[in-house]
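First up is the structure itself, then whatever we jot down about it.
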Amino acid sequence: MNRSTRLATGALLGGAALLAVLTLALGMGRDALAQETQSLTLQLTPSRDSGVGGTATLTDVGEGVEVELNMRGLPEAGVEHINHVHAGGSCTADRAGNVAPATIPLKNIVAKEDGTGSATTTLEDATLDSLFDPGKDRYIALHSEVEEGEGVPPVISCADVVEAAGGGAVSTDLPETGGPRPAMLLAAAAILALGTVAGATRLVWRGS
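Sequential numbering from 12 applies to the sequence shown in this note's numbering.
What follows is the structure in structure tokens.
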């Protein structure tokens with residue numbers, strides 16, 4: 012066996028080994044893609060002519076669901092607003108005076124000078140499927156300023172927790188990390204490995 016044949020044979024074996032590794036990695040890549048993070052965004056709309064709106068983004072974070080509220084149009088800077096997930100009702104019913112009980116407290120929002128405010132709460136052991144269960148009515152509500160001795164203040168912005176066509180949540184799949192998807196990288200590496208094997212095969216034939 013001459014030198015070129017030995018080199019080609021080594022390259023051929025190396026390429027074959029690389030292909031075997033890539034086959035295993037491809038399966039792992041599929042598992043990683045299956046674990047993509049799902050996010051659902053709700054639009055909060057004004058209640059009681061408040062002019063306050065915003066978004067609630069619910070993201071599956073593995074150990075629970077992260078609820079991020081981003082509000083705009085808050086009337087007074089420095090005012091702290093309580094907010095909750097209410098169960099057994101809807102925004103329409105709430106606006107009609109039929110307020111459902113608050114079952115899940117969310118972190119308070121403090122209004123900024125520009126009328127915006129945000130807060131993020133992690134609901135441990137919760138899932139998007141359980142929160143968006145079509146058999147249970149829920150809504151997210153932002154309340155007006157708490158007045159001492161007045162109990163829970165009225166809702167000034169609201170979003171039904173529903174995932175329905177034409178008015179519910181917008182679903183987005185988010186990769187856990189930035190950059191190219193694992194499958195794309197693996198495909199590129201597989202093409203490179205196949206090229207190596209093909210080139211080595213030609214060298215073997217020439218050297219034999």
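Idealized CB from N, CA, C, for every residue including glycine. Everything numeric in this text was worked out from a predicted model, so none of it was measured.
Legend entry - Inter-residue Cα distance where the pair is F143 and E156: 28 Å
Inset, instruction - Assign N3 to one of two classes, buried (16 or more other C-beta atoms within 10 Å of its C-beta) or exposed (fewer than that). - result: Residue 3 lies beyond the stretch modelled for the chain, which goes from 12 to 219, so this question has no answer here.
Legend entry - R106: first and last residue of the uninterrupted alpha helix (DSSP H) it sits in: 102 to 106
Legend entry - Integer-rounded CB distance, given that Q54 should sit under 8 Å from A170: 6 Å
Inset, instruction - Take the Cβ of S58 as the centre, count every other Cβ of all protein chains shown within 10 Å, and call the residue buried at 16 or more, exposed below. - result: buried
Legend entry - Span of the beta strand (DSSP E) around D71: 64 to 71
Legend entry - Nearest neighbour of E79, chosen from D148, D136, G99, T132 [CA to CA]: T132
Inset, instruction - Determine the closest residue to G64 out of P145, A104, T127, with distance taken between C-alpha atoms. - result: T127
Legend entry - Three or more C-beta pairs below 8 Å linking the segment 133 to 152 and the segment 68 to 78: yes
Inset, instruction - Answer with buried or exposed for S168, where buried requires no fewer than 16 other C-beta atoms within 10 angstroms of its C-beta. - result: buried
Legend entry - Rounded straight-line distance, which links the Cα of T66 to that of M39: For M39, the predicted model reports a pLDDT of 47, less than 50, meaning its position is unreliable; a value from the coordinates is still stated below. So the two alpha carbons sit approximately 35 Å from each other.
Legend entry - Where the alpha helix (DSSP H) containing L85 begins and where it ends: Where L85 is concerned, there is no enclosing alpha helix (DSSP H), given that its DSSP letter is neither H nor E.
Inset, instruction - Look at the alpha carbon of G89 and the alpha carbon of H97, and state the distance between them as a whole number of angstroms. - result: 25 Å
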